[in-house]
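Residue numbers (our numbering): 7 to 205. All C-beta atoms in this analysis are idealised placements derived from N, C-alpha and C, irrespective of residue type, glycine included.
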DNA sequence: CTACCGATATTCT
DNA sequence: GAATATCGGTAGA
């Protein structure tokens, strides 16, 4: 697999505009034998001060500092005491706009993904935000990575986003969910979507 | 297949 | 103390 890396200006739009455009793009980490690729099939948009579901809602902290930086970098955070989740920082610097990568379809390095994921069924390999980071080997040391120049990149390999993507409320939130914030987009009928549990 | 529950570090009240 | 942008194991239908 190969493709053209997304340019900085591609990331410089609002998270709700960028999120559906990231569907069917290819997330890449590593080179050579440890190269892993997955096609993005599910995302969620997060905003800044006006979004009660966002980590940036109460302003900058050590954890969310990357969200307030320039677009085209990776915001990686640790949650539930054991899981890493990855976001694409977008918009203008200071707006804290970001897109959470929630699920992918494995393309390259599937054997390595199976090792990292404990030899689960194929559809469980990248079906969830923490599963996706584990499959690609993304952890806190990747927080702040420049997606345009770094070892983690997002490629356009010519597959366009869906013309009519699935859309729903965001998952796993107490605040900022519901019909007022239908900011989850996904590739309809893809077998690698995350499980949708609504607490 | 769905439902529940424990794990467990950081952030927030 | 409580909550958290989650997951994997187990129990049951």
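C-beta atoms of residue i and residue j nearer than 7 Å
i: residue 9; j: residue 32; result: yes
i: residue 47; j: residue 103; result: no
i: residue 45; j: residue 113; result: yes
i: residue 197; j: residue 29; result: no
i: residue 182; j: residue 57; result: yes
i: residue 134; j: residue 200; result: yes
i: residue 105; j: residue 25; result: yes
i: residue 99; j: residue 76; result: yes
i: residue 190; j: residue 180; result: no
i: residue 149; j: residue 82; result: yes
i: residue 34; j: residue 118; result: no
In DSSP terms, what residue i is bridged to
i: residue 93; result: 81, 106
i: residue 46; result: 110
i: residue 51; result: 105
i: residue 131; result: Paired residue(s): none; residue 131 is not in a bridge.
DSSP-derived helix/strand/coil call for residue i
i: residue 86; result: coil
i: residue 3; result: Missing from the structure shown is residue 3; the chain here goes from 7 to 205 and no further.
i: residue 26; result: helix
i: residue 119; result: helix
i: residue 16; result: helix
i: residue 33; result: strand
i: residue 176; result: coil
i: residue 11; result: strand
i: residue 190; result: strand
i: residue 149; result: coil
i: residue 159; result: strand
i: residue 181; result: coil
i: residue 72; result: helix
i: residue 144; result: coil
i: residue 138; result: helix
i: residue 200; result: coil
i: residue 21; result: helix
Own chain, CB closer than 8 Å to residue i, minus 5 neighbours either side, in chain order
i: residue 194; result: 168, 170, 171, 172
Neighbourhood of residue i by C-beta, 6 Å cutoff - its chain only, sequence neighbours within 5 removed
i: residue 70; result: 61, 62
i: residue 14; result: 78, 154
Residues near residue i by beta carbon distance below 7 Å, same chain, minus five either side
i: residue 129; result: 197, 198
inquiry  = Across the segment 85 to 97 and the segment 135 to 150, are there enough close Cβ pairs to call them in contact, namely three or more that are closer than 8 Å?
reply    = yes
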